[in-house]
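Residue numbers (full-length UniProt numbering): 1 to 179. We put the beta carbon where it would ideally sit given N, CA and C, even for glycine. Because the structure is a prediction, the values reported are computed rather than measured. Report on the structure given below.
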Amino acid sequence: MLIPDAKLVEAARGGDLASFGLLYERHYRMAVGIARCRLNDPHLAEDAAQEAFAIACRTIHALRDPRRFAEWLGTICRRAASRLDADRPPHEPLDEAPEGADDPGLRTLRLQVREALQSLDETAREVVVLRHFSGLSYEEIGRALGLSAQSVHGHLQRARGKLARALDPHDPSGAGARS
């Protein structure tokens, strides 16, 4: 049986580090996904998530509603990612080199996908990344962003449509990917 976040938060407030460890395990992918929306570097995203959990552990008594731990952690994670982004020197991020990364066509496609994601509003981008890159359910995304699962579904559908148009090489507006 899954222990609710609120019970784990209350136990962590009482000094139970194992309960905080369960919160960490449950929400780590979400935290990295949120950070990755701000940072195009997977290693920095992990650093931001780690920093967010450290802050959450130190300040867990400040959380007003223990049922909203995921949303609260998401806010902390966004701030941690923004700080890391502001502190790094301006340069193109070095992504992990996937198989076939030396293929110029694949590099171009990856850049087009990144640009298309960046063209989305923040909520839509977070929903897409949390669903398709972090593998979270609609309910998990909703808890992280303070949305209902139905709202997450709507954001995801609209975002997919925008991404499809942005990446369509036959887009009459000329905004899509080039062949």
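* Whole runs of the alpha helix (DSSP H) within the stretch 106-159, excluding any shorter than 4 residues -> 122-128, 138-145
* **Neighbour-count burial assignment, I3, 16 or more Cβ in a 10 Å radius** => exposed
* For the alpha helix (DSSP H) that contains D168, what are its first and last residues? -> Careful: D168 lies outside any alpha helix (DSSP H) and carries neither H nor E.
* Determine the DSSP secondary structure at R64, reduced to helix, strand or coil. => coil
* Which term fits S119, buried or exposed, when burial requires 16 or more other beta carbons within 10 angstroms of its beta carbon? -> exposed
* For E139, which residues from the same chain have a beta carbon less than 7 Å from its beta carbon, with the 5 sequence-adjacent residues on both sides left out? -> A149
* To do: Consult DSSP for L17 and reduce its assignment to one of helix, strand or coil.
  => helix
* Look at the alpha carbon of L84 and the alpha carbon of A48, and state the distance between them as a whole number of angstroms. => 7 Å
* To do: Let me know if L17 comes out buried or exposed under the rule of 16 or more other beta-carbons within 10 Å of its beta-carbon.
  => exposed
* Any chance the stretch 148-167 sits against the stretch 54-70, with 3 or more Cβ pairs inside 8 Å? -> no
* Asked: Buried or exposed: which applies to A164, given that a residue is buried once 16 or more other Cβ atoms fall within 10 Å of its Cβ?
  -> exposed
* Asked: Should L8 be labelled buried (16 or more other beta-carbon atoms within 10 Å of its own) or exposed?
  -> buried
* Which residues in the same chain have their Cβ closer than 8 Å to the Cβ of G174, if we skip the five residues on either side of it in sequence? -> Note that G174 scores a pLDDT of 46, beneath 50, so its modelled location is shaky; the value from the coordinates is reported in the next line. Cβ neighbours of G174 beyond the five flanking positions: none.
* Skipping 5 residues on each side, what residues in its chain have a beta carbon closer than 6 Å to that of L94? -> Because L94 carries a pLDDT of 46, less than 50, the predicted location of this residue cannot be relied on, and no value is offered for it.
* Rounded to a whole number of angstroms, what is the C-alpha to C-alpha distance between residue 180 and S137? -> The shown model of the chain, from 1 to 179, leaves out residue 180, and the question about it has no answer.
* For the putative contact between R126 and A80, defined by C-beta atoms under 8 Å, what is the C-beta separation to the nearest angstrom? -> Per the sequence shown, the amino acid found at residue 126 is Glu instead of Arg. Actually they are not in contact, since the Cβ atoms of E126 and A80 sit about 15 Å apart, beyond 8 Å.
* Could you tell me the distance, in whole angstroms, from the CA atom of L73 to the CA atom of R13? => 15 Å
* Ordered along the chain, which non-local residues of its own chain (more than five positions away) have a Cβ less than 8 Å from that of A159? -> L120, A124, R125, V127, V128
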